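Chemist:
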Amino acid sequence: MSDMTNADNELEPRLITETGLDQRLADIIEPVLVGLGFRLIRVRMLNQNGATMQVMAERNDGTMTVQDCEEVSMAISPVLDVEDPIDKEYHLEVSSPGIDRPMVRKSDFVRWQGHLVKCETSILIDNRKRFRGKIVEAGADGFTLERDQVAYGEEQKVTIPFTALSDAKLILTDDLIRDALRADKLAKAQAANQNEADDQE
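If you count the sequence shown from 1, position 134 lands on 176 in the numbering used here, and the numbers rise without skipping.
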């Protein structure tokens, strides 16, 4: 797993974005999140238990606590009330992306290099649109997967351009859980050290 600085992450655009109403919601919510030091992962309007607006977000260092979820919810609720993009009652649900997270930025592929991902593309690549494998390399224009199942005549490795990506998500494994917990612990320790330094100034 590679480390990325907060400056690298802060204003990085998402590769996979919403459409329709979800896009309108993202356009309303994202500036509020950025102002608070969070990054939007995804917004979805779901028709379950009535209507539910699901907002996935994280801090620039990749962490997201229950308190962070509450802070985000309290910050975006009044903005949504003013903009009023939804013509019916809904429930707002703010969460972290989770360990088996959606991969929506180039930095996600750099950060989680070495882990399994499943993804879909908008165009055929090597006669397929669905892939599953380990991220072995990530660059400015795309990433390379080492496929875990290869059909006869297919290459083990395939390079997928970011421009062709329509969906991507990490696959839950023991290694991923271990690395995610380690990264979370490190980020929280760095945040605590920064808070101590700020208090001493």
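Note that beta-carbon positions come from the ideal geometry of N, C-alpha and C, so glycine has one too. Owing to the predicted nature of the structure, the values given are computational and were not obtained by experimental measurement.
1. Could you check where the alpha helix (DSSP H) with M116 kicks off and where it finishes?
2. So K8 is in the beta strand (DSSP E); what residue range does that whole segment cover?
3. Let me know if S164 comes out buried or exposed under the rule of 16 or more other beta-carbons within 10 Å of its beta-carbon.
4. Taking the alpha carbon of K160 as the point to measure from, which residue in T107, L88, E112, E188 has its own alpha carbon closest?
5. Can you give the Cα-Cα distance for E54 and G156, rounded to whole angstroms?
6. Return the Cβ separation of T94 and E135 in integer angstroms, given the expectation that the two are a contact with Cβ distance under 8 Å.
7. Excluding sequence positions up to five away, which residues of its chain have a Cβ less than 7 Å from the Cβ of L88?
8. Express the C-alpha separation of I167 and E196 in angstroms, rounding to a whole number.
9. Quick check on DSSP: helix, strand or coil for A231?
10. Do the segment 225-242 and the segment 110-119 touch if we need at least three Cβ pairs shorter than 8 Å?
11. Could you tell me which residues DSSP puts in a beta bridge with G184?
12. Three-state secondary structure (DSSP) at G79?
13. In the DSSP assignment, find the unbroken beta strand (DSSP E) run with N137 in it and report its ends.
14. If we ignore side chains and look at the alpha-carbon of each, how far apart do L123 and K130 end up?
15. Evaluate G62 with the Cβ neighbour count: other Cβ atoms within 10 Å of its Cβ, from every protein chain shown; 16 or more gives buried, anything less gives exposed.
16. Would you mind working out which of L223, R101, V178, N235 sits nearest G77, comparing C-alpha positions?
17. Please report how far the alpha carbon of V85 lies from the alpha carbon of W154, in whole angstroms.
Modeler: According to the data block:
1. 108-125
2. A question about residue 8 goes unanswered here, because the residues of the chain that appear run from 43 up to 243.
3. exposed
4. E188
5. 22 Å
6. 6 Å
7. T94, Q96
8. 11 Å
9. helix
10. no
11. P203
12. coil
13. Reading off the sequence, residue 137 comes out as Ser, not Asn. Taken as a continuous stretch (DSSP letters only), the beta strand (DSSP E) holding S137 covers 133-137.
14. In the sequence on display, residue 123 carries Asp and not Leu. About 12 Å.
15. exposed
16. R101
17. 22 Å
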